[in-house]
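Colleague: No gaps in the numbering here: position 32 of the sequence shown is 32 in UniProt numbering, and each next residue is one more. Just so it is clear, CB atoms sit at the ideal spot from N, CA and C, and this is done for glycine as well. Just passing along the structure, written as structure tokens.
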Amino acid sequence: LQCRMECKDVPAETLYDVLHDIEYRKKWDTNVIETFDIGKLTVNSDVGYYAWKCPKPLKNRDVITLRSWLPMGSDYIIMNYSVKHPKYPPRKDMVRAVSIQTGYLIEGTGAKSCTITYLAQVDPKGSLPKWVVNKSSQFLAPKAMKKMYKACLKYPAWKERHDPHFKPWLFPEQSRLPALPLSELSLQHADSLENIDESALPE
């Protein structure tokens, strides 16, 4: 899945902040059920948990990812892929999905404008109905991008009222996350997880 969007009146650095700010995500991302950071590996990589609502009657999904990021002047990259962590095994009330490779490329196009490209290679773990796949690519992903754009427009005012100088993704010395040994993690392969057959579910 790949989406691209032009963002007027949104500087690249604001969009970058919005994608990183986990507290703000809980405000604007209506699909989120639960999200939190688990620990940091380096100054520009961490591990986190994200659970999201799926269209009914599908089961909700969750994922644990290793994320890394890189500012490059007026451009930014954020990438993630799935890992396993012994303290966060698959939950019975969720389907553990797999991010094979997911990321954002933010390109500054002016002082107050940018473009964002979203690439997602995700195994949702399940034999999904065709209507779900079609709906996700044609409607849900573009809708999510538009929602993110609206969140970007409101972010500066929100951040002014919520710990405005706390941005550990820009200032790693601010990070409150515990250091996470790489030895605790392993790559999450899709074939090691249970496959849920939801192919017969009606729209």
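Between Gly48 and the rest of its own chain, which residues show a CB-CB distance below 8 Å, the 5 nearest in sequence each way excluded?
Modeller: Taken in chain order, the residues that qualify are Ile22, Thr35, Phe36, Asp37, Ile38, Ile64, Thr65 and Arg67.
Colleague: In this structure, does DSSP put Lys40 in helix, strand or coil?
Modeller: In the three-state reduction of the DSSP assignment, Lys40 falls in the strand class, which pools E and B.
Colleague: Tell me Ala179's beta-bridge partners as DSSP assigns them.
Modeller: Lys40
Colleague: In this structure, does DSSP put Cys114 in helix, strand or coil?
Modeller: Strand at Cys114.
Colleague: With distances taken Cα to Cα, identify the nearest neighbour of Trp52 among Arg25, Asn60 and Ser186.
Modeller: Nearest C-alpha to Trp52: Asn60.
Colleague: By Cβ distance, which residues of its chain are closer than 6 Å to Asn80, with the 5 residues on each side in sequence left out?
Modeller: Thr65, Arg67, Ser99 and Thr102
Colleague: Between the C-alpha atoms of Leu177 and His20, what's the straight-line distance to the nearest angstrom?
Modeller: Near 14 Å, if we compare the C-alpha coordinates of His20 and Leu177.
Colleague: When DSSP labels each residue in this structure, what does Lys154 get in the three-state scheme?
Modeller: In the structure shown, Lys154 sits in a helix (DSSP, three-state: H, G or I).
Colleague: Cα separation between Met94 and Ala111?
Modeller: 42 Å
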